[in-house]
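K.L.:
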Amino acid sequence: MALDIKICGLKTDKALAAALAGGASHVGFIFFARSPRYVEPAEAGRLREAAIGKARAVAVTVDAGNALLDEIVEKMHPDMLQLHGSETPERVAAIKGRYGLPVMKALPVSEAVDLERITPFVGIADRFLFDAKPPKGSELPGGNGIAFDWRLLSGLDAGVDYMLSGGLNATNIGDALRLANPPGLDISSGVESAPGVKDPALIEQFFRAVKAARDSRAA
Numbered sequence: 000m001a002l003d004i005k006i007c008g009l010k011t012d013k014a015l016a017a018a019l020a021g022g023a024s025h026v027g028f029i030f031f032a033r034s035p036r037y038v039e040p041a042e043a044g045r046l047r048e049a050a051i052g053k054a055r056a057v058a059v060t061v062d063a064g065n066a067l068l069d070e071i072v073e074k075m076h077p078d079m080l081q082l083h084g085s086e087t088p089e090r091v092a093a094i095k096g097r098y099g100l101p102v103m104k105a106l107p108v109s110e111a112v113d114l115e116r117i118t119p120f121v122g123i124a125d126r127f128l129f130d131a132k133p134p135k136g137s138e139l140p141g142g143n144g145i146a147f148d149w150r151l152l153s154g155l156d157a158g159v160d161y162m163l164s165g166g167l168n169a170t171n172i173g174d175a176l177r178l179a180n181p182p183g184l185d186i187s188s189g190v191e192s193a194p195g196v197k198d199p200a201l202i203e204q205f206f207r208a209v210k211a212a213r214d215s216r217a218a
């Protein structure tokens with residue numbers, strides 16, 4: 000089974016190059032002002048040019064209004080929109096209709112009942128992203144470097160397309176793949192040397208760890 004890998008929160012040419020060299024299927028750019036990974040739409044548009052034909056560029060927003068989304072779509076030309084806020088199914092459908100782009104809806108998870116929240120989005124969102132619920136007091140809906148119990152995902156319907164996010168790194172990725180067997184992975188803080196600072200060496204290490212884990216499972 001093919002495994003999609005998204006390196007999210009990219010801000011520099013070197014980090015983007017490392018993600019592409021590792022074989023990332025998706026590269027993510029954050030448009031949430033309070034995030035240390037925030038990037039201006041025009042700069043994201045410049046960066047994403049290197050990914051054309053190699054990886055899908057994802058614009059990550061949090062409860063963004065149409066004006067910001069218009070600017071992102073105009074200046075970045077994303078291949079996909081990721082909605083990481085409290086967007087309703089109606090809002091997701093409206094955004095899809097306005098821009099004609101596929102949408103990935105992020106949902107926070109801490110217990111099995113949280114997965115039931117996907118139901119009203121089925122048939123609207125093109126993909127889901129399951130992330131750990133942010134710790135109390137955090138201003139960030141994602142990128143907090145914490146994980147949830149990946150075993151919860153074993154009960155999902157086989158037809159649910161999703162990316163697993165939250166607390167992933169080179170050390171624990173083997174466990175994540177074994178316990179959840181996700182169709183996609185999303186990593187941000189796990190390949191950083193400091194909040195918002197992507198480390199090309201850690202990105203390379205993560206891809207090596209994924210390959211080693213998959214080779215081990217295949218054997």
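Just so you know, we're using numbering that gives the first Met the number 0 here: the sequence shown kicks off at 0 and counts up by one.
From the three backbone atoms N, C-alpha and C, an ideal C-beta is built for every residue, glycine too.
Small disclaimer: the values here were computed from a predicted structure and weren't measured.
Which residue from ALA66, PHE205, ARG36 and LEU46 puts its Cα closest to that of VAL59?
P.N.:
ARG36
K.L.:
Can you name the start and end residues of the alpha helix (DSSP H) that GLY27 belongs to?
P.N.:
Counting along the chain, GLY27 falls outside any alpha helix (DSSP H), though it belongs to the beta strand (DSSP E) covering 25–29.
K.L.:
Which same chain residues end up closer than 8 Å to GLU203 when comparing Cβ atoms and leaving out the 5 residues on each side of it in sequence?
P.N.:
ALA17, ALA20 and GLY21
K.L.:
DSSP on THR60, reduced to helix/strand/coil?
P.N.:
strand
K.L.:
Using 8 Å as the Cβ pair cut-off and three pairs as the minimum, do the segment 46–54 and the segment 79–99 touch?
P.N.:
no
K.L.:
What first and last residue would you give for the beta strand (DSSP E) that runs through SER192?
P.N.:
191–193
K.L.:
CB-CB under 7 Å to GLY165, same chain, minus the five flanking residues each way: which ones, in chain order?
P.N.:
The answer, listed in chain order, is ASP130, ALA131, ILE145, ALA146 and PHE147.
K.L.:
Tell me whether ASP185 sits in a helix, a strand or coil according to DSSP, three-state version.
P.N.:
ASP185 falls in the strand class under three-state DSSP.
K.L.:
Let me know the secondary structure DSSP gives ASP198 once reduced to three states.
P.N.:
coil
K.L.:
Please list the terminal residues of the continuous beta strand (DSSP E) segment that includes ASP3.
P.N.:
3–6
K.L.:
For GLY189, which residues of its own chain have a beta-carbon under 6 Å away from its beta-carbon, when the five flanking residues on both sides are left out?
P.N.:
LEU167 and ASN168
K.L.:
Grouping DSSP H, G and I as helix and E and B as strand, with all else coil, what is LYS104?
P.N.:
Three-state result, LYS104: strand.
K.L.:
Please state whether DSSP places LEU152 in a helix, a strand or coil.
P.N.:
helix
K.L.:
According to DSSP, which residues form a beta bridge with MET75?
P.N.:
Paired residue(s): none; MET75 is not in a bridge.
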